[in-house]
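Novice: Okay, handing you the structure first.
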Amino acid sequence: MALMHRFFGHVSQCRSIGRVVHANRRPTVAPVTVTERARQKMLEYLEQQPTASGIRMSVKRRGCNGLSYTFEYASKKEPNDEELSLDGAKLFIEPRALMTLLGTEIDYVESKLSSEFVFHNPNVKGICGCGESFNV
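In full-length UniProt numbering, the protein residues as written are 1 to 136.
Here's what the structure looks like:
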């Protein structure tokens, strides 16, 4: 089940797998995969924000169905963040969001009417009508 969510007011399709960095006692397989178009868009956003070292991904309780994906610029990796190196872009995942996101593919899709990041999360059990929130 796919969940669509807007990221920075915009939101492509190839496959690229992130590599886990500093994973002494964590899985060697990345918890999420990022398509090439999504990686390129993340790099584009990071170039516009020179003080950011990466993008932090988390899941917050909100919306009509319980949870919503959030992205924010990150100036540094927090101590317990999972860090993925994506050939030039860094994605930091909050530890509380990790189990919810396992197996998720992040894509970036453009159409005539919108452009947005799309999350293909196998853990999602339900999505609200507007597509902004989900439950697991």
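Just so it is clear, CB atoms sit at the ideal spot from N, CA and C, and this is done for glycine as well.
On a predicted model such as this, the values are computed, not experimentally measured, just so you know.
What separation, rounded to the nearest whole angstrom, lies between the Cα atoms of R37 and M57?
Specialist: 17 Å
Novice: Quick check on the burial criterion: 16 or more other C-beta atoms within 10 angstroms. Buried or exposed for N80?
Specialist: Classification of N80: exposed, given that the 10 Å Cβ count is below 16.
Novice: For Q48, count neighbouring Cβ atoms within 10 angstroms of its own Cβ and tell me buried if that reaches 16, exposed if not.
Specialist: By the neighbour-count rule (16 or more Cβ atoms within 10 Å), Q48 is not buried but exposed.
Novice: For the beta strand (DSSP E) holding E83, just list the boundary residues, first then last.
Specialist: Counting along the chain, E83 sits inside the beta strand (DSSP E) bounded by residues 82-86.
Novice: Look at the alpha carbon of N121 and the alpha carbon of E83, and state the distance between them as a whole number of angstroms.
Specialist: 19 Å
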